[in-house]
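A.B. asks: Let me begin by handing over the structure; questions about it come next.
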Amino acid sequence: MEPNKPLGEVKKFNPYQRPKKTREPRDPIDFKKYWKLIVGLVVTFVLLLILLTNVYVVKESEYRVVRQFGEVVKIQEEPGLQMKIPFIQSVTTLPKYQMTYDVSEAEINTKDKKRIIIDNYAVWHVVNPLELISNAGTIVNAESRMEEFIYSVVRTELGQLNYDEIINDENSSRGSINDAVTAKVNELLDKDKYGIQVMDVRIKRTDLPEENEQSVYTRMISERESTAQEYLSQGDAKKREMEAQADREAQEVIATARKEAALIQAEGESQAAKIYNESFSKDPEFYELYRSLESYKKTIGDDTVIILPSDSPYADILSGNFN
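FYI, the numbering for the sequence shown is 1 to 323, going by full-length UniProt numbering.
Here it is as structure tokens:
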């Protein structure tokens, strides 16, 4: 034994430390007692899962197509919750709202043999899902058939018009063309029972092929200049007509004024003569003197030389002999 080595460690007593308890062995769980509960929970979960996966919602803006082994058995249009048969039926969706389809650009010939590029768009919607599925199959196929009909009808309608009638805003027939195209496209769609209806077909753009643009622009400029010159000529003619009318009316006004002035002057002279006669009749000798003086005013000027006989009344007056 080594010296100074303790024989053993002495543990200190802690009055606050709880003594450790020894664990008693537990009995194993007997799952046989709970098998009914477990099976019930599993069955309930499976049923809920099947229920939730086979319930579908029908919205106001869509059709719900129910198929059974690939065949359409039901079309749901009314909004609400619906149920399909699990593992047998499947549900697909078709839109009920209006859709816009941008028709591909197409080149056509007008009545006057001009080539133009037409760009259209169509507003359409599904009206009979069963017919669409039976005859078109899908939305894409229905749009493809609609585009073919639109191109055919537009080509026929615009082929009956001249180029100027199509592009001229002042004399455009686009409004009636759009209505006619819409009606005829719907006739073709109804005839083949594609289950869709076109609400409106619109021409949004008309262009020329690049090789024809410059020649057409040159011709349009020439036509505009000719139209402007025609307007100027009509304006000049209208101006001359208005000036002639104004001159004629001015002459009529002047003639009327002169006539009225002559009448007024004649009346004034008549009144003056009457007054003179009344005045001079009161003193005939003064009247004779006045008439002589008036005649002097008209016959005698600054350089006038008068030779009068001695017994002339002028000589008596000039010499101051008034007797």
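Quick reminder that beta carbons are idealized off the backbone N, C-alpha and C, glycines included.
Fair warning: this is a prediction, and the values are worked out from it, not measured in the lab.
Rounded to whole angstroms, what's the CA-CA distance from Val-103 to Glu-157? Just pull it up for me.
C.D. replies: 16 Å
A.B. asks: Can you tell me where the alpha helix (DSSP H) holding Val-141 begins and where it ends?
C.D. replies: The sequence as given places Asn at residue 141; Val does not occur at that position. That run of the alpha helix (DSSP H) goes 139-158.
A.B. asks: Pick from Glu-62, Phe-87, Ser-90, Val-66: whose alpha carbon is nearest that of Glu-78?
C.D. replies: Glu-62
A.B. asks: Going by DSSP in three states, Pro-309 sits in which element: helix, strand or coil?
C.D. replies: coil
A.B. asks: So, Val-55 versus Met-83, is the Cβ gap smaller than 7 Å?
C.D. replies: Their beta carbons are under 7 Å apart, which means Val-55 touches Met-83 by this criterion.
A.B. asks: Give the DSSP bridge partners of Met-83, in chain order.
C.D. replies: Val-55
A.B. asks: Let's test the definition: count the other Cβ atoms within 10 Å of the Cβ of Asp-35 and tell me whether it reaches 16, buried, or not, exposed.
C.D. replies: It is Trp, not Asp, that sits at residue 35 in the sequence shown. Result: exposed.
A.B. asks: Under 7 Å, do Arg-224 and Asp-119 count as touching if we go by C-beta distance?
C.D. replies: No; because the gap between Cβ atoms is not below 7 Å, this pair is not in contact.
A.B. asks: Would you mind working out which of Gln-271, Leu-81, Gln-76 sits nearest Leu-52, comparing C-alpha positions?
C.D. replies: If you compare the alpha carbons of Gln-271, Leu-81, Gln-76 with that of Leu-52, the shortest gap goes to Leu-81.
A.B. asks: Between Val-201 and Asn-186, is the Cβ-Cβ spacing less than 7 Å?
C.D. replies: no
A.B. asks: Which two residues bound the contiguous beta strand (DSSP E) that contains Ile-116?
C.D. replies: According to the DSSP assignment, Ile-116 belongs to the beta strand (DSSP E) that extends over 115-126.
A.B. asks: So for Asp-112, helix, strand or coil by DSSP?
C.D. replies: coil
A.B. asks: What separation, rounded to the nearest whole angstrom, lies between the Cα atoms of Leu-49 and Glu-60?
C.D. replies: 26 Å
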